[in-house]
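Let me begin by presenting the structure, written as structure tokens, before commenting on it.
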Amino acid sequence: MDRSAESIVVNPRDVYAAGEAAAWVASAVKDLAGIEQDLPALIRMDWYSPAAGEFTALLRQHIRNVSTTLEDLRTCAEAVARHVEEIRASGHEVS
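Read left to right, the sequence shown gives residues -4 to 90 (the numbering used here).
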């Protein structure tokens, strides 16, 4: 049996929450992608010291963490988009 054709029970709060979640995740992905793109520029310093080295190491780790979080958020965005489509397929409008 094709489960995608099954109707789902939709609570009106779920419709609102799905729309809000989709908008939030899309905004978070956009914002974090911009941050991820801008962070490496902070590593380019004209001065060197133990503190600058520590800053660079910490920032490089943070950039890796941001990249991982961004990948996770993109996966979340795909999942919430599918959820929104399921709600729409059951006849509800999601804004």
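Virtual Cβ for every residue (Gly too), placed ideally from N, Cα, C.
Within a 10 Å sphere around the beta-carbon of isoleucine 82 sit 16 or more other beta-carbons, which makes this residue buried. Within its own chain, no residue has a Cβ closer than 7 Å to the Cβ of aspartate 33 once the five positions on either side in sequence are excluded. Counting every other CB atom within 10 Å of its CB across the protein chains shown gives leucine 37 a total below 16, marking it as exposed.
Judged by beta-carbon spacing, valine 75 lies beyond the 8 Å limit of valine 89, meaning their Cβ atoms are not closer than that value. Within a 10 Å sphere around the beta-carbon of alanine 84 sit fewer than 16 other beta-carbons, which makes this residue exposed.
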